[in-house]
Amino acid sequence: MSNSTITTLTKVRGLSIKILEALRGGPKTSSELCLELGVRGNYMRSYLHNMKKYGLITKNEFFWKIVPDKINIINKMINRNNIYKAKEKAKESKGISKRKSKTKTNGERIFEKEKLREAFECFLKQQKYEVVVEDVVRKLFKHYIETGALYLLFKEGYDMEAYFDKHYSGDILRAIDILTNDRVAYKIFKKGEIKIALYKDFIEKLKSLVNNDER
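Going by my numbering, the first residue of the sequence shown is number 104, and it counts up by one from there.
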């Protein structure tokens, strides 16, 4: 294949390919091509004259047609273009599929969290905790739902009381003791810090309640 032919192949694309595909079916007037491809007259004529300049098509009175000895080159261009379009379509479909899958996953996560919240509220209604105990476990659960972390870490004293409620003061540790007895939450003192955490078993119990409801 000559350099001039390669140059021609690279220049002919888009609307030019569509025109060549239309002309493969037989000679057509510029008006027929405009109607078939939905292109304005002036726009169409500029493309036709460019392809005539490349030696791909010729005009016989009113009809445009493919130059017979260029049919093989034109077939290669059209085939190459069809392969390219098929690859692009496959990429686009794959991208849409991934986006749908991701959206579905996010939707499922939101649904699971809502169901987990419902199970948590049912648990609280059954337990009938006093206000301070309920507030502590609610904040631990809220932190878990928002971050996925089962624990909160505080410096001993003010940090923890400020996070929950200053008015509770020493009642917070007592509340956690109650939650520990119920295997809901626990505390660990270490190097001037307090770790307050939900038991993993408690979260698993809520999840199992959700799964049983779905069945």
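Every residue, glycine too, gets a C-beta built ideally from N, C-alpha and C.
In whole angstroms, what separates the C-alpha of Val313 from that of Tyr289?
As a position in the sequence shown, residue 313 is number 210, starting the count at 1. As a position in the sequence shown, residue 289 is number 186, starting the count at 1. Those two C-alpha atoms are separated by around 23 Å.
Span of the beta strand (DSSP E) holding Phe257?
On the sequence shown, residue 257 is found 154 positions in, with the first residue counted as 1. It spans 254-258 - the beta strand (DSSP E) in which Phe257 sits, taken as one unbroken run.
Same chain only: Cβ atoms within 8 Å of Leu123, ignoring 5 sequence neighbours per side:
Here residue 123 refers to the residue found at position 20 of the sequence shown. Contacts found: Val115, Met154, Leu159, Ile160, Ile169, Ile177, Met180, Ile181.
Kindly indicate which residue of Lys131, Ile299, Lys293, Phe257 has the alpha-carbon position closest to the one of Asp280.
Position 177 of the sequence shown, counted from the first residue, corresponds to residue 280. It is Ile299 whose Cα lies nearest to the Cα of Asp280.
Do Val234 and Ala278 have their CB atoms nearer than 7 Å?
As a position in the sequence shown, residue 234 is number 131, starting the count at 1. As a position in the sequence shown, residue 278 is number 175, starting the count at 1. Not closer than 7 Å, so no.
For Glu164, does the three-state DSSP call read helix, strand or coil?
As a first step, residue 164 is located in the sequence shown; it is residue number 61 there, counting from the start. Looking at Glu164 - three-state DSSP - the assignment turns out to be coil, as it is neither helix nor strand.
Taking Leu309 and Phe223 to be in contact with their CB atoms under 8 Å, please state how far apart those CB atoms are, rounded to whole angstroms.
Sequence index remark: in the sequence shown, residue 309 carries index 206 (1-based). Sequence index remark: in the sequence shown, residue 223 carries index 120 (1-based). Indeed, because the Cβ distance is near 6 Å, the residues count as touching under 8 Å.
Residues sharing a beta bridge with Glu296, DSSP:
Position 193 of the sequence shown, counted from the first residue, corresponds to residue 296. Glu296 is bridged to Lys258, Lys293.
Three-way DSSP call (helix, strand, coil) for Lys131 in this model:
Here residue 131 refers to the residue found at position 28 when the sequence shown is read from its first residue. Looking at Lys131 - three-state DSSP - the assignment turns out to be strand.
Compute the Euclidean distance between the alpha carbons of Tyr266 and Ala193, then round it to the nearest angstrom.
Taking the first residue of the sequence shown as 1, we reach residue 266 at position 163. Taking the first residue of the sequence shown as 1, we reach residue 193 at position 90. So the alpha carbons of these two residues sit roughly 52 Å apart.
Please list, in chain order, all residues of the same chain as Arg212 whose beta carbon is under 7 Å from its beta carbon, the five residues on each side excluded.
Locating residue 212 in the sequence shown gives position 109, counting from the first residue. Counting only Cβ-Cβ distances below 7 Å, and skipping sequence neighbours, we find nothing.
Euclidean distance between Cα positions of Asn145 and Asp172
Residue numbering aside, residue 145 sits at position 42 when the sequence shown is read from its first letter. Residue numbering aside, residue 172 sits at position 69 when the sequence shown is read from its first letter. Each residue's Cα considered, the two are about 28 Å apart.
Smallest Cα separation from Phe166: which of Gly141, Arg183, Arg127?
Walking along the sequence shown from the start, residue 166 turns up at place 63. Closest option to Phe166, Cα to Cα, is Arg127.
Which of helix, strand or coil does DSSP assign to Leu301?
As a working note, residue 301 is residue 198 in the sequence shown. Here Leu301 sits in strand by DSSP.
With a Cβ-Cβ cutoff of 7 Å, do Leu301 and Leu243 count as a contact?
Position 198 of the sequence shown holds residue 301. Position 140 of the sequence shown holds residue 243. Cβ atoms of Leu301 and Leu243: closer than 7 Å.
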